[in-house]
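Residue numbers for the sequence shown follow UniProt numbering, beginning at 1 and rising by one. Using N, Cα and C, we set each Cβ at its ideal position, and we do this for glycine too. Values in this document were obtained by computation on a predicted structure and should not be read as measured data.
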Amino acid sequence: MATVQDSDFDSLVPGLPLSRRTFVGGSLAAGFALAVQPALGQSVVVTPADGLVAGEITVPAPDGVALKAYRAQPAGKGPFPTVLVVQEIFGVHEYIRDVCRRLARQGYQAIAPNLFQRQGDPAGIDSVADILAKVVSKVPDAQVLADLDATAAWAAANGGDGARLGITGFCWGGRITWLYAAHNPKLKAGVAWYGRLTGVASAMTPHHPIDVVDKISAPVLGLYGAKDQGIPVSDVDDMKADLAKAGKRVEFVVYPDAGHAFHADYRPSYRAADAADGWGRLLAWFKASGL
1 MATVQDSDFD SLVPGLPLSR RTFVGGSLAA GFALAVQPAL GQSVVVTPAD GLVAGEITVP
61 APDGVALKAY RAQPAGKGPF PTVLVVQEIF GVHEYIRDVC RRLARQGYQA IAPNLFQRQG
121 DPAGIDSVAD ILAKVVSKVP DAQVLADLDA TAAWAAANGG DGARLGITGF CWGGRITWLY
181 AAHNPKLKAG VAWYGRLTGV ASAMTPHHPI DVVDKISAPV LGLYGAKDQG IPVSDVDDMK
241 ADLAKAGKRV EFVVYPDAGH AFHADYRPSY RAADAADGWG RLLAWFKASG L
């Protein structure tokens with residue numbers, strides 16, 4: 001069965017190059033919907049909430065929206081170093097919540113805000129093409145960055161350590177991780193999992209990671225797959241060269257046999273060894289960065 005990656009949302013956003021329109025095609029999209037829809041997937045890694053403070057919270061957003069988020073942290077007073085967890089196109093589903101619990105078991109306060117809340121709920125849409133067209137393509141970067149700022153502020157006032165802030169994100173969230181590293185000068189570190197690095201500017205996405213290299217202030221670890229059909233290794237090489245020229249502290253790991261979404265344990269793309277290696281690198285990166 002053919003599959004489509006969530007990085008292919010490029011093809012449904014107006015103004016992006018035709019060469020990336022690999023998504024369009026009835027049989028491809030139809031096959032993908034049942035193959036990897038998060039509500040149907042079975043996660044390989046299941047992290048219990050025992051001994052943690054975990055559950056839904058509400059974050060006051062700048063525009064007055066009561067932003068829903070999932071928070072997990074160790075029991076106790078804290079303050080704990082905070083990690084913002086940024087979703088894939090499928091929203092804050094069980095896999096993302098489990099990532100928060102995994103981080104909480106390592107001593108972090110991990111929070112995944114629902115960054116699509118205003119635009120719609122991907123869980124109620126059974127077509128990936130519709131998720132991309134009806135929800136993801138309508139989410140402006142400026143809104144996302146402001147919501148992440150609000151989440152960081154909530155964390156600092158509710159058991160988190162505002163001086164120790166990190167971020168990690170997957171696919172759509174991987175791209176946002178790079179952008180947030182250029183947006184928030186107080187960020188200590190970021191880890192971007194197979195996030196898109198290039199693209200054509202639009203009203204919703206005026207800049208892409210490669211456009212904001214000079215503004216990146218936090219050390220970022222990029223984790224990518226050499227067989228990712230949506231993010232060529234040449235894009236990684238270009239980003240790496242630009243960051244090196246700008247004197248930024250970054251590191252890239254490209255897994256030779258991995259494709260896109262190799263950490264997503266509820267999807268056929270999951271590669272257990274590469275996911276485990278990447279997770280270990282994430283923890284080491286955060287600790288080396290003072291988190």
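Roughly how many whole angstroms lie between the Cα atoms of residue i and residue j?
i	j	result
Phe286	Leu115	23 Å
Ser217	Leu52	32 Å
Asp265	Phe170	12 Å
Gly124	Gln117	12 Å
Ala75	Cys100	14 Å
Ala189	Ala181	8 Å
Arg96	Ala129	The question names Arg, but residue 96 is Ile in the sequence shown. Going from the Cα of Ile96 to the Cα of Ala129 covers about 21 Å.
Asp257	Ala241	23 Å
Val59	Arg267	30 Å
Leu28	Ser127	With a pLDDT of 29 at Leu28, under the threshold of 50, the modelled position of this residue cannot be trusted, and the question is left open.
Val65	Val139	15 Å
Asp274	Gly55	29 Å
Gln87	Gly173	5 Å
Lys77	Gly160	9 Å
Ser269	Asp98	18 Å
Leu283	Val85	14 Å
Ala244	Asp50	43 Å
Ala272	Gly280	12 Å
Lys248	Ala163	20 Å
Ser137	Val212	21 Å
Met239	Ala152	27 Å
Between the options, which has its C-alpha nearest residue i's C-alpha?
i	options	result
Val233	Ser217, Tyr194 and Glu88	Tyr194
Ala192	Ser202, Ala182, Pro185 and Arg175	Arg175
Ile57	Asp50, Gln73, Val46 and Asp141	Gln73
Pro122	Lys134, Ala112 and Ile111	Lys134
Pro113	Lys215, Pro81 and Ala155	Ala155
Tyr70	Lys77, Ala276, Leu103 and Trp279	Leu103
Ile210	Leu179, His183, Leu187 and Asp228	Leu179
Phe90	Asp63, Tyr108, Gln119 and Lys77	Gln119
Ala142	Ser43, His207 and Thr47	His207
Val83	Val92, Gly107, Ala61 and Trp172	Gly107
Pro48	Val144, Pro79, Gly247 and Glu94	Glu94
Val92	Lys215, Pro79, Lys186 and Ala110	Ala110
Phe80	Ala61, Leu165, Ile131 and Val45	Leu165
His260	Lys245, Gly222 and Asp238	Gly222
Asp277	Ser137, Tyr224 and Asp214	Tyr224
Leu148	Leu187, Lys77 and Gly247	Leu187
Asn184	Arg196, Asp228, Gly290 and Pro219	Pro219
Ala226	Lys248, Leu132, Val254 and Ala284	Val254
Asp228	Gly247, Leu197 and Val213	Leu197
Asp63	Ala150, Arg105, Ser43 and Gly199	Ala150
Glu251	Gly162, Leu67, Phe262 and Ser289	Ser289
Ala146	Asn158, Leu67 and Arg105	Leu67
Lys215	Gly199, Ala246 and Asp237	Ala246
Leu291	Met239, Phe262, Val136 and Thr168	Thr168
Tell me where the beta strand (DSSP E) around residue i begins and ends.
i	result
Tyr224	Val220 to Gly225
Thr205	Taken as a continuous stretch (DSSP letters only), Thr205 belongs to no beta strand (DSSP E), as it is neither H nor E.
Phe252	Val250 to Tyr255
Ala189	Ala189 to Trp193
In the DSSP output, which residue or residues are listed as bridge partners for residue i?
i	result
Ala112	Tyr70
Phe80	Gly160
Gly55	Arg71
Val85	Thr168
Gly91	Glu88
Pro60	Ala66
Grab the span of the alpha helix (DSSP H) containing residue i for me, first residue to last.
i	result
Lys245	Val233 to Lys245
Lys287	Ala272 to Ala288
Asp98	Glu94 to Ala104
Cβ contact check for the stretch 230–249 and the stretch 200–207: 3 or more pairs under 8 Å: With the cut-off at 8 Å, the stretch 230–249 and the stretch 200–207 do not touch.
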